[in-house]
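Inspection log for the structure reproduced underneath, given as structure tokens.
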Amino acid sequence: MFRYFENLIDPYSEYTQTDTPPTTLWAFLRGYCRPFYGVLVLMTVTEISIAALELGVIFGVGWFVDVIQTTPNLIVDYAVPGLIALAVFYLLIRPVLFGLNILLFNQTLDANSAMLVRWRAYRQVLGHSVGSFEDDFAGRIANRVMETPNSISQVLGQVFGGLGYAIAFVFGALLMLLQTDARLILPLLVWLLLYSLLMRWTIRRVAKASKTASAARSALNGRIIDGYTNIHSVKMFA
23 MFRYFENLID
33 PYSEYTQTDT
43 PPTTLWAFLR
53 GYCRPFYGVL
63 VLMTVTEISI
73 AALELGVIFG
83 VGWFVDVIQT
93 TPNLIVDYAV
103 PGLIALAVFY
113 LLIRPVLFGL
123 NILLFNQTLD
133 ANSAMLVRWR
143 AYRQVLGHSV
153 GSFEDDFAGR
163 IANRVMETPN
173 SISQVLGQVF
183 GGLGYAIAFV
193 FGALLMLLQT
203 DARLILPLLV
213 WLLLYSLLMR
223 WTIRRVAKAS
233 KTASAARSAL
243 NGRIIDGYTN
253 IHSVKMFA
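Numbering (the numbering used here), first residue to last: 23 to 260.
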């Protein structure tokens, strides 16, 4: 069963190789992750469906309480069938959607996207001139080739996984509050604005710090690997 999801994408499929890779993040993602467009769309649909079911449970509980308070004599006629339907959706359909989403991410996207990016990055670097390898640590170059795919997998998981769920959940919450009382959405809108400003402030600083840390880590790994590779010279001058 897992092999079916693992074989949905071939990380070694043919592609048009360019002389230089994209320099921006989103252009890089568009170029390298094109084979995963269908999987990403399906993941987004499952995330939105899960968020809709979560909101449906909240709405269903509120509806059940309203029925008890307003028309308790109609509980058997209306509330019980509604609760049964809600339980079927929450206990049967929700686990299926969760399972499908997890399989798509872990078995299809995570492993194959890392391997695809790693393979294409390896071929890209292999096409460089001999002089470019002589001007840099071989270990540093190898570390970049090995680290970049893992970062791409994390970005895809966050953007098409958690972010899609969060946007769908917030949008559904806004609709529910709007149906109750339009004034109730004001605190949520203020919170969204403040949260967006905080995220923007944080991401800018994290991106800069992450770039510096990655460069330092690559340089350190490059020195260590090159030291082991040229162990005879190291021992000679040690």
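By construction, the Cβ of each residue, glycine as well, lies at the ideal position given by its N, Cα and C atoms.
Asked, Found
"Three-state class that DSSP yields for LEU220 in the structure shown", "helix"
"For ASN134, three-class secondary structure by DSSP", "helix"
"Between the CA atoms of THR130 and LEU219 - distance to the nearest angstrom", "34 Å"
"ALA229 classed as buried or exposed, judged by whether at least 16 other C-beta atoms fall within 10 angstroms", "exposed"
"6 Å CB neighbourhood of ALA73 in its chain, flanking five on each side removed", "TYR187, ALA190 and PHE191"
"Alpha helix (DSSP H) segment containing VAL67, residue limits", "59–92"
"Straight-line gap, ASN29 to PHE127 (C-alpha atoms, nearest Å)", "13 Å"
"At least three beta-carbon pairs within less than 8 Å, the stretch 112–119 to the stretch 75–85", "yes"
"Nearest neighbour of ARG140, chosen from THR251, PRO33 and ARG205 [CA to CA]", "PRO33"
"Limits of the alpha helix (DSSP H) - the one that GLU156 falls within", "152–156"
"For PHE159 and THR66, believed in contact at Cβ under 8 Å, the rounded distance", "Between PHE159 and THR66 the Cβ distance is about 40 Å, and since that is not below 8 Å, they are no contact."
"THR68 versus PHE120 - alpha carbon distance", "8 Å"
"Nearest-angstrom Cα separation, counted from ARG52 out to ILE253", "41 Å"
"Limits of the alpha helix (DSSP H) - the one that LEU178 falls within", "160–179"
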